[in-house]
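What follows is a single structure, written as structure tokens, with notes after it.
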Amino acid sequence: MQALSNMRRNSSDYQHIKDVAFVVALGFYLILGNINVFLSPLVGVFFTYLLLYLNKEYKSVKDNINIYLIFLYLIFFELSRGFYLFSAVVVFFIVLYFLKKRIISIFKSENWIFTIFVISAYIGTYLINNLFCYLQEKELFSFNFMYVFYILIDSIVSILLFKKR
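Sequential numbering from 186 applies to the sequence shown in the working numbering.
So this is what it looks like as structure tokens:
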């Protein structure tokens, strides 16, 4: 009995369980988002997280795993919604290398910065996909009210999650 009392789980074991539960929850949310159009796909929230993460000096291995999981989520989002593969990733790198510093220098309020990041995620993905459709002479994606709804929801979630306290 004494040998079993020394076999306790430490906090790192619980972290792996939390990571797996988070991945399963995201997968379930992606499935539900395809069924119900009023659930935001959270693309803007993940864009904001990635752009804010790249400002940190100290990056742990766990954060790097989160980055890969977010890129994987963006790829599954594109595939499930009928977008071109890696279009969201292309938009992310365009915003990261060409627009991020300009957005931060123009807007001083964190709320506006988060909102512009979310807007650039959705509008950029829409524009890149329409560019690919135009180049292949296919029917363009239509811009509808749901983009505005998703931008609004993701902006609110980003402000609530990432605002400095």
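Glycine included, each C-beta is placed from N, C-alpha and C at the ideal position.
Residue i vs residue j beta-carbon contact at 8 Å
i: residue 274; j: residue 236; result: no
i: residue 318; j: residue 330; result: no
i: residue 231; j: residue 302; result: no
i: residue 141; j: residue 311; result: The displayed coordinates of the chain run from 186 to 350. Any statement about residue 141 would go beyond what the structure contains.
i: residue 270; j: residue 260; result: yes
Beta-carbon proximity list for residue i, same chain, < 8 Å, skipping 5 on both sides
i: residue 307; result: 228, 229, 332, 335, 336 and 339
Neighbourhood of residue i by C-beta distance below 6 Å, restricted to the same chain and skipping five residues each side
i: residue 300; result: 340
Selection from the options that minimises the alpha carbon distance to residue i
i: residue 218; options: 199, 286, 264 and 232; result: 264
i: residue 226; options: 293, 212 and 239; result: 212
Distance between residue j and residue i (C-alpha atoms, nearest Å)
i: residue 348; j: residue 251; result: 19 Å
i: residue 297; j: residue 342; result: 13 Å
i: residue 253; j: residue 315; result: 26 Å
i: residue 350; j: residue 295; result: The predicted position of residue 350 is uncertain, since its pLDDT is 46 and thus under 50; a value taken from the coordinates is nonetheless stated next. In a straight line, the C-alpha of residue 350 is about 12 Å away from that of residue 295.
i: residue 290; j: residue 305; result: 16 Å
Cβ neighbour criterion (16 or more within 10 Å) applied to residue i
i: residue 345; result: exposed
Cβ neighbours of residue i in the same chain (closer than 7 Å, five flanking residues each side left out)
i: residue 322; result: none
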